[in-house]
C-alpha cells in the first residue's frame, strides 16, 4: 500500500501537466504530395515545429484542446481545432494559393527559409522550385545546379560547368542525394547541364555547415534532393521544348487513394539538329526519373524511386576503297534506385527504412581497322541500407538516431588493348576494390522553457573497412541558437566530418575521366573541422531573410596527384597520389525573399582557401 501511494505521489505532477500530442502528415489537398518542411504552429503557447523529409510532424502541447496553424510557401494557411477525441479523424491538407490570394496571406504563411531562421540549423539554404524556372538557362532548359552555384559560399569549377566547390572544398567533397541515393556524376554535356530534371523535383536543401548528425561521408556539403511523389487524385502531364532538348512529365493515381506514380524524361537532339543543317555531331544525352508510392494503411507507406541517365558519343567511319575503319564510342552515366518504408510507430515516433543502389560508370571504346582496339572502363556500384528514427519526447526534447551501411565496389581502371597498341598501353583487368562504409548517429534537440537558448548536439560514429585496413572515428556535431528577439538570432555550430573516398582526375586526356578511389592502407581518410557563427534576421512584414555568416574550415589528408602523373592507364593509383592539408575561411551574406510578387536573392562571398603539400609548389602554400 505504501508503495502504491509513493508511485501516485511521484507521478502526480505529470498527471497535472498532461500534454496533448498532435501528429500527422501534411499533404497537398489536390495532388496528395507530401509537403516537406511545412510549418506547424500554436499561437497561444508560441510552440511550433516543421514537417520532416516525409511530411511528418509531432507537436506536444500542454492543453487538451488546441488550435494549430499549418502553412507552406505558396499555400493558403489553415487552422485546425484539435482535441484528444478527433486527432485520428483529421486530415492535415493545404490548398495552393492563387496569385491574388497569395498577396493577402503573405503575412500569415511561413516560408521554409523562415523555418531555418527559427531553428538551430545554420549554413543551410532551401531552394524553391519556382526559383529555378526564373534563372537564365542554356537552350531554354532551367537548371538546378546553376541555381546552387549562385548561392554564397558556392563556386563553379569552369564556365558553364556543374562542378560545386563549397567553402573552399574540392569537387569530390559534396554528397549529392536523390531520394537518399548518392549521385556521383551531376553533369550532362561535359558539365553544361545538370542531371536533375526540374519537372521531377519537389524539394532541394543545401547544407554547407552545421551538418545534422544523420549526414556523413563528405567534408564540404550535402545536397539533398527529393523527387515528386506524383498526383494521387488526377492524371496530369507537362513538358517543354528547348533549343537543344525536350522534356515530358506524367503523373497520376495507381490505385484510388492508395498510390501514385511520376515519370519524367528528357533527351537532347543535338545530334539531330546538326544532321538537319548538314553537319555532324554524334552526341546526345537522356535521363529518366520515375517514382511510385503506395499507402499500405494510415501508418505505413512504401516508396520506389529510380533514375537513369547517360551521355553518349558515337562515331563510326569506314572507307571501303582503302579497307579502313575507325570507331569511337564514349558513354558516361548514373543509375540510382531506392526503396523506402515510412512507418508511424506512434504519435511521437516516426521511422524510415531504406534500401539503396547506385551505379556510376564511364567507358571509352576505340577501334582502328581490324588490328587495333582500346577499351577503358571505370565504375562504382553501391549497395546500401539505412534506418532512421525520430522521437518527439515532449515540447523540450527531440531525438533522432539511426544507422547506415553501404558497400562500395570500385573498378577504377579496366583497360583492354589489342594489336600494336599493346606495346604502348598495357591491358589490365583492374582489381575490384571493395569498401564497407558504416555510420551510427544520435542527435538531441533541446529547447529551454522561458529561455532564449536552443541546442542541438549530436555524435556520429563512422567506419570504413578496406583490404588490410580498418578506419573508424567519432564525428561530434553541435549547434546552438540564441534568440535576441522575435525576428533575430545569433547562431554557432561545429562539425567534424570524415570522407572515405577520393576523386582523382587525369590530365592526360580531354575527357571527363574522373576516377573515384577508396581509402587504402596508404591513402588515409580526409577529415575536416568547421566552425561557423552568424546572425540571422527575418523581416517578417516583407517576408525577407537576412543572414551573415563567417566560417573557418581545417581540412586534413586532402588528395592530389603528382605532377605529370598518368592516371588513365595506371592500375597502381597509390604511387601517383599525394596527401596534404588545407584550410579555408570567409564571410557570406544572403538576402532572400521567397514570397510575393517580387522575390529573389542577393548573395556575396568573401573567402580564402589554401593548400599545404610538401611535394607540390616546392612545399609553399598555394
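In this note's numbering, the protein residues as written are 19 to 640.
Just so it is clear, CB atoms sit at the ideal spot from N, CA and C, and this is done for glycine as well.
These numbers were taken from a predicted model, which means no experiment stands behind them.
For this session: With distances taken Cα to Cα, identify the nearest neighbour of residue 576 among 234, 96, 544.
Result: In the chain shown, counting from the first residue as 1, residue 576 sits at position 558. Among 234, 96, 544, the Cα nearest to that of residue 576 belongs to 544.
For this session: Since I believe residue 395 is in contact with residue 377 (beta carbons under 8 angstroms), could you give me their beta-carbon distance rounded to a whole number of angstroms?
Result: Looking up residue 377 in the chain shown gives position 359. Looking up residue 395 in the chain shown gives position 377. Separation of the CB atoms of residue 377 and residue 395 is rounded to 12 angstroms, and the pair is thereby denied contact status at 8 angstroms.
For this session: With a cut-off of 8 angstroms on the beta carbons, I'd call residue 596 and residue 631 a contact; round off their distance for me.
Result: Here residue 596 corresponds to residue number 578 of the chain shown, with the count starting at 1. Here residue 631 corresponds to residue number 613 of the chain shown, with the count starting at 1. Sure, about 6 angstroms apart at Cβ, within 8 angstroms.
Exercise. Between residue 251 and residue 269, is the Cβ-Cβ spacing less than 8 angstroms?
Worked result: As a working note, residue 251 is residue 233 in the chain shown. As a working note, residue 269 is residue 251 in the chain shown. Contact: no.
For this session: Check whether the Cβ atoms of residue 477 and residue 492 lie closer than 8 angstroms to each other.
Result: Along the chain shown, one-based indexing puts residue 477 at 459. Along the chain shown, one-based indexing puts residue 492 at 474. It is a contact, given that the beta carbons lie within the stated cut-off.
Problem set entry | Neighbourhood of residue 419 by C-beta distance below 6 angstroms, restricted to the same chain and skipping five residues each side | On the chain shown, position 401 is the one that residue 419 refers to. Cβ within range, chain order: 407, 460.
Problem set entry | Every unbroken beta strand (DSSP E) inside the region 173-255 [3 residues or more] | 182-184, 192-196, 219-225, 239-245
Exercise. What did DSSP end up calling residue 471 once you bin it into helix, strand or coil?
Worked result: By 1-based counting over the chain shown, the position of residue 471 is 453. Correct three-state label for residue 471: strand.
Exercise. With DSSP run on the structure shown, which of helix, strand or coil describes residue 138?
Worked result: For this step, residue 138 is matched to residue 120 along the chain shown. Looking at residue 138 - three-state DSSP - the assignment turns out to be coil, as it is neither helix nor strand.
Problem set entry | Cut-off 7 angstroms between Cβ atoms - residues of its own chain near residue 558, not counting five sequence neighbours on either side | Within the chain shown, the letter at position 540 stands for residue 558. Result list for residue 558: 505, in chain order.
Exercise. If you compare alpha carbons, which of 349, 518, 300, 449 is closest to residue 481?
Worked result: By 1-based counting over the chain shown, the position of residue 481 is 463. The candidate whose alpha carbon is nearest that of residue 481 is 518.
Problem set entry | Limits of the alpha helix (DSSP H) - the one that residue 379 falls within | Indexing the chain shown from 1 puts residue 379 at position 361. First-last for residue 379: 367-386, but that is the beta strand (DSSP E), not the alpha helix (DSSP H).
Exercise. Would you say residue 375 and residue 400 are within 8 angstroms of each other, going by their C-beta atoms?
Worked result: In the chain shown, counting from the first residue as 1, residue 375 sits at position 357. In the chain shown, counting from the first residue as 1, residue 400 sits at position 382. For residue 375 and residue 400, yes; Cβs fall inside 8 angstroms.
Problem set entry | Where residue 461 sits in the DSSP three-state scheme | For the purposes of this step, residue 461 is taken as residue 443 along the chain shown, with counting starting at 1. Strand at residue 461.
Problem set entry | Start-to-end residues for the beta strand (DSSP E) that takes in residue 292 | On the chain shown, residue 292 is found 274 positions in, with the first residue counted as 1. Careful: residue 292 lies outside any beta strand (DSSP E), inside the alpha helix (DSSP H) at 288-294.
Exercise. With burial defined as no fewer than 16 other Cβ atoms inside 10 Å of the residue's Cβ, what is the status of residue 56: buried or exposed?
Worked result: As a first step, residue 56 must be located in the chain shown, where it is residue number 38. By the 10 Å Cβ count, residue 56 comes out buried.
For this session: Specify the secondary structure class of residue 636 as computed by DSSP and reduced to three states.
Result: The count along the chain shown starts at 1 and reaches residue 636 at position 618. If DSSP states are grouped into helix, strand and coil, residue 636 belongs with the helices.
Exercise. What residue does the beta strand (DSSP E) around residue 86 start on, and which one ends it?
Worked result: Locating residue 86 in the chain shown gives position 68, where the first residue counts as 1. Start and end: 83-89.
Problem set entry | Rounded straight-line distance, which links the Cα of residue 347 to that of residue 318 | Start at 1 with the first residue of the chain shown, and residue 318 comes out as number 300. Start at 1 with the first residue of the chain shown, and residue 347 comes out as number 329. When rounded, the distance between both Cα atoms is 46 angstroms.
For this session: Note the first and the last residue of the continuous beta strand (DSSP E) segment covering residue 114.
Result: What you label residue 114 is simply residue 96 of the chain shown in a count that begins at 1. Residues 111-114.
Exercise. Between the Cα of residue 327 and the Cα atoms of 86, 638, 284, which residue gives the shortest distance?
Worked result: As a first step, residue 327 must be located in the chain shown, where it is residue number 309. Of 86, 638, 284, the residue nearest in Cα terms is 284.
Problem set entry | Best match in 636, 201, 625, 84 for proximity to residue 183 [C-alpha to C-alpha] | For the purposes of this step, residue 183 is identified with residue 165 of the chain shown, where counting begins at 1. The option with the nearest alpha carbon to residue 183 is 625.
For this session: Compare the Cα-Cα distances from residue 550 to each of 640, 167, 226, 451 and report the closest residue.
Result: On the chain shown, residue 550 is found 532 positions in, with the first residue counted as 1. Nearest C-alpha to residue 550: 226.
For this session: Could you tell me if residue 206 is buried or exposed, where buried requires 16 or more neighbouring beta carbons within 10 angstroms of its beta carbon?
Result: Within the chain shown, residue 206 is the residue found at index 188, counting from 1. Residue 206 is buried by the Cβ-count criterion.
Exercise. If you check the beta carbons only, do residue 129 and residue 88 fall under 8 angstroms apart?
Worked result: For the purposes of this step, residue 129 is taken as residue 111 along the chain shown, with counting starting at 1. For the purposes of this step, residue 88 is taken as residue 70 along the chain shown, with counting starting at 1. It is not a contact, given that the beta carbons lie outside the stated cut-off.
Exercise. Taking the alpha carbon of residue 604 as the point to measure from, which residue in 170, 617, 361 has its own alpha carbon closest?
Worked result: Translated into the one-based positions of the chain shown, residue 604 becomes position 586. The candidate whose alpha carbon is nearest that of residue 604 is 170.
Exercise. Around the Cβ of residue 490, are there at least 16 other Cβ atoms within 10 angstroms (buried) or fewer (exposed)?
Worked result: Working through the chain shown from its first residue, we reach residue 490 at position 472. With fewer than 16 other Cβ atoms from the protein chains shown falling within 10 Å of its own Cβ, residue 490 counts as exposed.
Exercise. If you follow the beta strand (DSSP E) that residue 47 is part of, which residue opens it and which one closes it?
Worked result: To locate residue 47, count along the chain shown from 1; it is residue 29. Per DSSP, residue 47 lies in no beta strand (DSSP E) and is assigned neither H nor E.
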